[in-house]
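In what follows, a single structure is set out as structure tokens and then discussed.
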Amino acid sequence: MCAVPQRSPKEKRQETPDVQTEESPLFKLRQMDTIDRYNHQYFNLIRCVIDTGIVKSDEHGTMVKSLFSSSNMHFNLRTSELPLLNFHCYDVWYCIKELLWVANGCRNPMIHQKKTMDAENSNNLQKISKKVGYTYWKKDDLEDLIRLIKADPNSHRLIICGWNVKDVPLTFVLPCDILCQFNVTNGTLSCLVYECSSNLYIEVPFKVALFSLLTYMIAHVCHLDVGEFIYSVGDIYFNEEQHDLLNDELRKKSRFPKLKIKKQIQRIVDFKFEDFLLDF
């Protein structure tokens with residue numbers, strides 16, 4: 002047998018290219034794994050999409066700058082803080098109303114438009130097929146999830162799926178949040194959401210706040226502590242007219258407000274708007 006020549010550790014290091022330097026936007030994006038109490042992760046994501054995104058036309062013919070990324074944002078919910086990335090104090094109440102609307106299983110988009118404001122273009126709601134209806138989770142999906150968390154918290158099936166595959170060809174507006182998975186470890190509830198695409202300026206902050214709040218609500222009715230929220234997006238993009246708005250966001254810095262649920266609530270459908278208190 003021929004002996005394989007051994008190379009020194011120094012030679013091996015020289016042959017290994019360092020593709021993620023500290024100046025690389027990708028390197029900075031990976032730093033989002035660090036859980037922080039401010040919007041640093043959001044800022045890093047904005048810079049990464051601006052610096053490395055690809056200009057293209059989306060499915061509606063709108064020019065966008067897009068980045069296909071597998072990086073995650075982690076938000077520590079153990080501190081009872083609600084991660085509001087670019088919201089003003091009054092914007093979060095629209096998010097709460099949206100979540101209460103979903104939790105109560107309302108399927109009529111016209112009722113939703115009267116009660117609250119959707120993060121999506123409201124005109125799109127008019128185009129939804131009457132046959133299919135508004136394809137968000139059903140009320141039963143959320144209640145079934147909570148029952149399973151209580152009965153078998155170690156289950157790997159603590160999942161809500163936003164897509165009904167057989168209805169996709171019939172649906173005009175598909176929900177971007179494809180998968181929402183929960184995990185219970187040592188009495189602590191965490192949540193991971195995967196979206197196929199998300200608008201960096203509008204949808205990312207909205208969905209981070211919405212699903213973080215949902216995690217708090219489910220932990221509350223299941224008598225669990227709250228862990229972390231993990232947000233993952235496939236295609237992150239922004240429209241041309243949002244470029245300056247995103248640059249403005251980079252100049253802001255605000256601490257996340259404290260969230261308090263005022264009273265003990267037993268069922269997810271029993272939450273009311275006035276049950277939440279935010280301390281800015």
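Counting along the sequence shown from 1, when you hit position 73 you're at 74 in my numbering, and nothing is skipped either side.
The C-beta atom is built at its ideal place from N, Cα and C for all residues, glycine as well.
Taken in chain order, the unbroken stretches of beta strand (DSSP E) that lie wholly in the stretch 221 to 252 and span 3 residues or more are 226 to 240. Between the alpha carbons of Asn-87 and Lys-57 lies a gap of roughly 25 angstroms. Less than 7 angstroms divides the Cβ of Leu-180 from the Cβ of Tyr-195.
The beta-carbon separation of Pro-84 and Ala-210, rounded to 7 angstroms, stays under the 8 angstroms limit for a contact. Secondary structure at Phe-76: strand, using DSSP grouped into helix, strand and coil.
DSSP places Cys-197 in the uninterrupted beta strand (DSSP E) bounded by 189 to 200. In this structure, DSSP gives Gln-182 an extended state, which the three-state scheme calls strand. Collapsing the DSSP output to three states places Asp-153 in coil. One alpha carbon belongs to His-224, the other to Asp-92, and they sit about 28 angstroms apart. Judged by pairs of C-beta atoms under 8 angstroms, the stretch 230 to 250 does not touch the stretch 155 to 164, as fewer than three such pairs exist. The beta carbon of Asn-40 lies closer than 6 angstroms to those of Leu-86 in the same chain, with the five residues before and after it left out.
Note: Phe-277 is bridge-paired with Ile-262 in the DSSP secondary-structure output. In the structure shown, the three-state DSSP call for Phe-69 is strand. For Ile-160, the uninterrupted beta strand (DSSP E) run begins and ends at 160 to 162, by DSSP. Taking every protein chain shown into account, the CB of Glu-275 has fewer than 16 other CB atoms within 10 angstroms, so this residue is exposed. Exposure of Asn-105 is indicated by the presence of fewer than 16 other C-beta atoms within 10 angstroms of its C-beta.
Shortest Cα-Cα distance from Met-74 to any of Tyr-232, Asp-280, Arg-252, Leu-246 involves Tyr-232.
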